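For reference, the structure is listed below as structure tokens.
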Amino acid sequence: MSRYSAINLLRNALGGHRHWPVVWRDPAPKPRYEVVIVGGGGHGLATAYYLAKHHGIRDIAVLEKGWLGGGNTGRNTTVVRSNYLNDESGSLYELSLKLWEGLSQELNYNVMFSQRGVLNLAHTEHDVQSLRRHVFANRTQGIDAEWLSADEVRAFCPILNFSPGARFPIRGGSLQRRGGIARHDAVAWGFARAADRLGVDIIQNCEVTALKREGDRIVGLETSRGEIAAGKVGVVVAGHCGVLAAMAGFRLPIESHPLQALVSEPLKPVLHTVVMSGLVHVYVSQSDKGELVIGAGADTYNSYAQRGSLGIIEGTAHALIELFPCFSRLRMLRSWAGIVDICTDVSPIISKTPVAGLYFNCGWGTGGFKATPGSGFVFAHTIVRDEPHPVAAPFSLDRFTSGAIVPEHGAAAVAH
Ligand code: FAD
Ligand code: PYC
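Under this note's numbering, the sequence shown has 341 at position 340, and the numbering climbs by one with no breaks.
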């Protein structure tokens, strides 16, 4: 910490935080905006930022029903990687990973992006074949991917369970060294501050309750803070996209499910990478505070409740101990759920809609945190040009009628 920051911290602490600089303004909604973004998660804030930064639009509002990052952005396990299977996904997630690599500088805000590697474990012959297929596909896409033998996995992450009696023997693994984790709320705050400085109105506690159409065109929104007219509207509400689509008069091929995660008490540094296992069904990393951040698959039922079932937590704890017996006496501090929007092909929707001037960005399901900057970047382009960004084109809604789906089942290494 520099002397200047230390003095500033002391001044603020002694002054009762009265001089703490405001990070973003708290404006009242205007009667009309050129573009309104619904949803103040990472994707919505990134979209607003890129609209202002790259497309010169300054008359923008982001409407958030709760607080910034209070949805899945602040509830996820922050795994960032680009090792998907299909070329279309590779282009999208790699665009995002490249943006992550410069994001703290771009926003002048430390998002704590840590490229500590993402290791996917193979326990069966089928796992080996499937993960090696991903490695080969990624290499042809120009995305870094390595296959590690069992001995190489052991050298890379020695605390894994290599005992001869292990129920799920480790037969190798795929490693993306450029993958890693980031600080989730810092991503929301960084985009919010940067967007605010470009003139974007960020309005919290403002729930959109209806979308107003004139014929086939969107003209505005009804909100808990009054009516707002809009030239264009981008909807980025993750698990609530079905609710907003219903307001606009159409349905999406998406289901909303709770996805849970939990954190342990803090430990000294012991796990220096992200480990995922699709078969044993768990993923884990260690935060800078020392807590283990742990998750598994989505609850099987549909729900909008941000809590989940005990069965999933129990199963996740079993799976964790199976892979890491050394964690067996660890105490868990808390658990929670987020509502994830899972598309039938497990790929996102970044698209125009049947309503002119209305755009949807959703369907990121269990894996959209990693896409936050890339998603905002391509969605801003889609909104401004009224046609998909080339990287986003395969993710338009019309793929469900043309049949050109982008199946990515299993890409998150946790079944969903
Ligand atoms: P959100 O952050 O959910 O933002 C949407 C916002 O819209 C919310 O703040 C909500 O309040 C607001 N909203 C909803 N309805 C309205 C309305 N009517 N009016 C106004 N505002 C509204 N992804 C990864 O890449 N890596 C991971 O490791 C990972 N782990 C995950 C673990 C868990 C437990 C969960 C739940 C998700 C995980 N994900 C992961 C997925 C990731 O969190 C999401 O895909 C991503 O954060 C979605 O971001 P978003 O900005 O679209 O949505
Ligand atoms: O997409 O990498 C991922 C992921 C990890 C945990 C949940 N999703």
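Just so you know, even glycine gets a beta-carbon here, dropped at the ideal spot from N, CA and C.
Here the structure is a predicted model, which is why all the values come from computation and not from measurement.
Find the nearest neighbour of residue i within the set the options, judged by alpha-carbon distance.
i, options, result
"GLN142", "GLU89, ASN13, SER6, SER265", "GLU89"
"PHE396", "ALA146, HIS127, GLY411, LYS353", "LYS353"
"SER304", "VAL281, ALA62, GLY339", "GLY339"
"ALA183", "ILE229, TYR51, SER105, LYS213", "SER105"
"THR373", "ILE171, ALA187, VAL119, ILE160", "ALA187"
"ALA49", "ASP197, TYR94, HIS185", "ASP197"
"LEU161", "SER278, VAL220, CYS242", "SER278"
"GLY227", "ILE219, THR210, VAL234", "THR210"
"CYS242", "THR301, LEU212, GLY16, ALA123", "LEU212"
"ARG82", "HIS390, ARG179, HIS185", "ARG179"
"GLY200", "GLY118, ASP342, VAL275, VAL63", "VAL63"
"HIS44", "GLY411, GLY369, ALA405, ASP399", "GLY369"
"LEU260", "LEU15, HIS319, GLY309, GLY221", "GLY309"
"THR274", "GLU315, ARG140, HIS382, GLN177", "GLN177"
"PHE401", "LEU253, GLY375, TYR360", "LEU253"
"GLY298", "PRO28, ALA167, VAL285, ILE313", "ILE313"
"VAL236", "ASP60, TYR51, GLU65", "GLU65"
"LEU398", "ARG12, VAL392, ASN362, LEU98", "ASN362"
Looking only at DSSP bridge pairs, what is residue i linked to?
i, result
"PRO391", "Paired residues: none, contrary to the question."
"ARG198", "Its beta-bridge partners do not exist; DSSP assigns none."
"LYS213", "GLY221"
"PHE361", "VAL236, SER352"
"TYR305", "In the DSSP output, where bridge partners are listed per residue, TYR305 has none listed."
"ALA49", "Looking at the DSSP assignment, ALA49 forms no beta bridge with any residue, so it has no partner."
"SER175", "ASN121, TRP148"
"ASP34", "Here residue 34 is Tyr; the residue named in the question, Asp, does not match the sequence. TYR34 is bridged to ALA231."
"ILE182", "VAL80, SER115"
"LEU64", "VAL39, ILE204"
"ALA299", "LEU260"
Less than 7 Å between the CB of residue i and some heavy atom of the ligand FAD, yes or no?
i, result
"VAL276", "no"
"TRP101", "no"
"GLY72", "yes"
"GLY174", "no"
"ARG330", "no"
"ASN303", "no"
"LEU245", "yes"
"ALA262", "yes"
"THR383", "no"
"ALA338", "yes"
"GLY91", "no"
"VAL209", "yes"
"LEU64", "yes"
"HIS44", "yes"
"VAL39", "yes"
For residue i, collect the residues of the same chain with a Cβ closer than 8 Å to its Cβ; drop the 5 residues on either side in sequence, then sort them by chain order.
i, result
"ARG194", "VAL24, TRP25, LEU108, TYR110"
"ARG335", "LEU263, VAL264"
"HIS56", "ALA381, HIS382, VAL385"
"ILE171", "LEU122, ALA123, HIS124, ALA151, VAL154, ARG155, LEU161, ASN162, PHE163"
"VAL129", "ALA123, ARG172, GLY173"
In chain order, what residues of the same chain have a beta carbon less than 6 Å from the beta carbon of residue i, not counting five sequence neighbours either side?
i, result
"VAL136", "ALA146, TRP148, SER175"
"PHE163", "ARG155"
"GLY191", "LEU108, TYR110, VAL112"
"GLN116", "ARG179, GLY181"
"SER150", "GLY173"
"GLU95", "SER83, ILE144"
"LEU293", "SER265, VAL285, GLN287"
"GLY70", "ASP186, ALA189"
"PHE378", "TYR51"
Give a single yes or no on whether residue i has its beta carbon closer than 7 Å to a heavy atom of the ligand PYC.
i, result
"ARG82", "yes"
"LYS371", "yes"
"GLY240", "no"
"GLY377", "no"
"THR78", "yes"
"TYR94", "no"
"TYR85", "no"
"GLY358", "no"
"GLY17", "no"
"THR317", "no"
"THR367", "yes"
"TYR50", "no"
"GLY279", "no"
"TYR110", "no"
"TYR284", "yes"
Spatial neighbours of residue i within its chain, please: C-beta separation below 7 Å, excluding the five flanking residues on both sides.
i, result
"PHE325", "ILE160, LEU161, ASN162"
"GLY366", "VAL341, ASP342, ILE343, CYS344, VAL347, HIS417"
"HIS410", "VAL347"
Can you list, in chain order, the stretches of the alpha helix (DSSP H) that have 4 or more residues and sit fully within the segment 227-297? 242-249
Mind listing, in chain order, the continuous alpha helix (DSSP H) runs of no fewer than 4 residues lying wholly within the segment 111-145? 126-141
Sequence ranges, beta strand (DSSP E) only - wholly within the segment 303-345, length at least 3: 333-344
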